[in-house]
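One gets my numbering by counting positions in the sequence shown from 1 and adding 39 to each. Glycine is no exception: its CB is placed at the ideal position from the N, C-alpha and C atoms. Quick caveat, the model's predicted, so the values are computed rather than measured. Working notes, structure below.
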Amino acid sequence: TPSATDYYAMSPADVCIVRFDGARPIAGERKPSVESGLHAQVLCARPDCSVSIHTHQPIASAYTLLAAALAVKGNSLRLMLGAEVPCVAYAPSGTGMLARKVGKIFNATTHACLMRNHGVVCVGTSIDEAVSRVAALESACADFFRSNQVASPPEREQTGTLIRQTLQAVANQPLGSSR
């Protein structure tokens, strides 16, 4: 997608087509997204996929604050996402550092990736498959929070402690830190 463009006002003509090397756009008149390099790294790591989607969906993005891989529960979600969705360490948005970290995490069995304090990337062999994985990841993260919400009192206390520690660590993290 083009950079700094309202999605609801976009038309097909606004879509940018770029080379994987990011050297220059092939088609489109608008400036490409700052995350073009991220998509290129992911698609190079997964040549069997033709679609890479990066979102800031609310529940999965909240999960990234935990800075932990997500263990996927349930057979249908595991079929879509795999047994675990990895989480890469923080790197600033739109940087080569973030693109390389995410690209390195993808392999033949990685269908989605969490990016600490940022969002997610999902891949697929088609738009439908990638979009289904985005929805499945949001559902898996919602399941995680739901299961911890109804935990027994000691587990609830542990979860509360984990959330407080995570928020404290984020608050104390210097801007641009790779922690």
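Would you tell me roughly how many angstroms separate the C-alpha atoms of Glu196 and Arg69, rounded to the nearest one?
The residue given as residue 196 occupies position 157 in the sequence shown. The residue given as residue 69 occupies position 30 in the sequence shown. Using only the alpha carbons, I get a separation of about 50 Å.
Does DSSP put Ala151 in a helix, a strand or coil?
What you label residue 151 is simply residue 112 of the sequence shown in a count that begins at 1. Reduced to three states, the DSSP call for Ala151 is strand.
Does the stretch 82-96 come within contact of the stretch 156-164, defined as at least 3 CB pairs closer than 8 Å?
The stretch 82-96, when compared against the stretch 156-164, does touch it at the 8 Å Cβ threshold.
Starting from Pro97 and walking both ways along the beta strand (DSSP E), at which residues does that stretch end?
As a working note, residue 97 is residue 58 in the sequence shown. Counting along the chain, Pro97 falls outside any beta strand (DSSP E), though it belongs to the alpha helix (DSSP H) covering 97-103.
Looking at the secondary structure, which residues open and close the alpha helix (DSSP H) in which Cys161 lies?
Here residue 161 is taken as the residue at index 122 of the sequence shown, counted from 1. Run containing Cys161: none in the alpha helix (DSSP H); it sits in the beta strand (DSSP E), 158-163.
Just the C-alpha distance for Thr40 and Val162, rounded to the nearest angstrom, thanks.
For this step, residue 40 is matched to residue 1 along the sequence shown. For this step, residue 162 is matched to residue 123 along the sequence shown. One C-alpha to the other measures close to 16 Å.
If you draw a straight line from the C-alpha of Pro51 to the C-alpha of Leu201, how long is it?
For this step, residue 51 is matched to residue 12 along the sequence shown. For this step, residue 201 is matched to residue 162 along the sequence shown. Going from the Cα of Pro51 to the Cα of Leu201 covers about 44 Å.
Considering Cα atoms alone, identify which of Ser165, Val73, Ala174 is closest to Ser115.
Residue 115 sits at position 76 when you count from the first residue of the sequence shown. It is Ala174.
Would Leu109 pass as a contact of Phe183 if the rule is Cβ separation under 9 Å?
By one-based count along the sequence shown, residue 109 stands at place 70. By one-based count along the sequence shown, residue 183 stands at place 144. Yes.
Would you mind reading off the limits of the beta strand (DSSP E) that contains Val90?
As a working note, residue 90 is residue 51 in the sequence shown. 90-94 is the extent of the beta strand (DSSP E) around Val90.
For the alpha helix (DSSP H) holding Ala239, just list the boundary residues, first then last.
No answer is possible for residue 239: the residues shown for the chain start at 40 and end at 218.
How long is the line joining the alpha carbons of Ser165 and Ile144, rounded to whole angstroms?
Here residue 165 refers to the residue found at position 126 of the sequence shown. Here residue 144 refers to the residue found at position 105 of the sequence shown. Distance between the alpha carbons of Ser165 and Ile144 is about 20 Å.
What are the boundary residues of the beta strand (DSSP E) that includes Ala66?
In the sequence shown, residue 66 corresponds to position 27, counting from 1. That run of the beta strand (DSSP E) goes 64-66.
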